[in-house]
Amino acid sequence: MSELIEISTFTLKINSPVPPPTLISSLKLLSSAPGLIAIYFGPHIESPTTYTTVTRWSSQASRDAFFNVRSPTWQSSFTASLETLSVFSSSPSSSSASSSSDNSGQDAAIPLGAPCTEIFFSFGADEDYLENRLNPFVKAITSASLPGLFGGFTAEFVPVKCVGVEKPEPKTVVLMLGWNSKADHEAQKGQGTVIDNNIHLIRSGRKAVSMFHVNFKKL
Numbered sequence: 001m002s003e004l005i006e007i008s009t010f011t012l013k014i015n016s017p018v019p020p021p022t023l024i025s026s027l028k029l030l031s032s033a034p035g036l037i038a039i040y041f042g043p044h045i046e047s048p049t050t051y052t053t054v055t056r057w058s059s060q061a062s063r064d065a066f067f068n069v070r071s072p073t074w075q076s077s078f079t080a081s082l083e084t085l086s087v088f089s090s091s092p093s094s095s096s097a098s099s100s101s102d103n104s105g106q107d108a109a110i111p112l113g114a115p116c117t118e119i120f121f122s123f124g125a126d127e128d129y130l131e132n133r134l135n136p137f138v139k140a141i142t143s144a145s146l147p148g149l150f151g152g153f154t155a156e157f158v159p160v161k162c163v164g165v166e167k168p169e170p171k172t173v174v175l176m177l178g179w180n181s182k183a184d185h186e187a188q189k190g191q192g193t194v195i196d197n198n199i200h201l202i203r204s205g206r207k208a209v210s211m212f213h214v215n216f217k218k219l
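Sequential numbering of the sequence shown, starting at 1, is according to full-length UniProt numbering.
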């Protein structure tokens, strides 16, 4: 995969549901960077004082070019108000994607562009977890054309920066699912549903998980 995806999750020094203007200004500056395809930003539905940004770059070179020019000025401005920060970057040639109506392969824009995005981290994953567990799980639910489901994306990610949080055990594998709403996701979790019938695939083969939902705003 030539496109690079970075997921940054952070909390603020001042526990506020409204991010400071300096942080928003930093993100807007980032959004104008050459080679940046899109940037998505929003608070977690489960924890509104925790935020996530997802950036899609045309290449690693484009990402590096921005930070080589702007760092450390941009970094200091962006991190000034942060209490914790974790950044994960997609690993080349590890992505797989599908829409609810077309399993031939799409990109991360499908779940990220949905009204609600579920992000599911698997930490300490086995070598074959992505190929033999997570991808079959995603294929099963996207093929079922579940109500409110837009599509999914999976990839192996690597930690780039961990500030105020522990660095996870390798490997890290990420699933993004696009939903019409968090309620639509919750409605598909009952006994006997497609998710319930396939959830066993991802309940082993990894040591820890983290999951949250964001109604992303594209900056």
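C-beta atoms are modelled at their ideal positions from N, C-alpha and C, and glycine is treated no differently. All values derive from a computational prediction rather than experimental measurement.
Just measuring C-alpha positions, the residue of Val165, Leu29, Gly148 sitting nearest Thr73 is Leu29.
Here the alpha carbons of Gly190 and Gly35 stand approximately 42 Å from one another. Here Ala125 carries a coil assignment [DSSP, helix/strand/coil]. For the segment 5–80, the continuous alpha helix (DSSP H) assignments of 4+ residues that do not extend past its boundaries occur at 21–31, 60–70, 73–79, in sequence order. Rounded to the nearest whole angstrom, the CA to CA distance from Thr142 to Ala108 is 14 Å. Taking C-beta atoms under 8 Å as the contact rule, Ile5 and Arg56 qualify, at a distance of about 5 Å. By the neighbour-count definition (other C-beta atoms within 10 Å, threshold 16), Met211 is an exposed residue. Across the structure, Val173 and Ala125 are spaced so that their CA atoms are roughly 7 Å apart.
The bridge partners DSSP lists for Pro159 are Phe88. Bridge pairing for Ser210: Phe121 [DSSP]. The three-state reading of DSSP puts Gly152 in strand, counting E and B together. Glu83 sits away from Thr22, with the two beta carbons spaced by 7 Å or more. It is roughly 43 Å from the alpha-carbon of Pro147 to the alpha-carbon of Ser76. In the structure shown, Glu83 falls within a strand segment according to DSSP collapsed to helix, strand and coil. DSSP lists no beta-bridge partner residue for Thr193. Less than 7 Å divides the Cβ of Leu134 from the Cβ of Leu175.
The shortest C-alpha to C-alpha distance from Glu131 to any of Leu201, Leu112, Tyr51 is the one to Leu201.
By the CB criterion at 7 Å, Asn198 and Phe137 fall inside the cutoff. In its chain, beyond the 5 residues on either side, Pro111, Glu118, Gly152 have a beta carbon closer than 6 Å to the beta carbon of Leu177. At least 7 Å separates the beta-carbon of Val160 from that of Ser62. Excluding sequence positions up to five before and after Thr52, its CB lies within less than 6 Å of the CB of Thr9, Val214, all in the same chain and listed in chain order.
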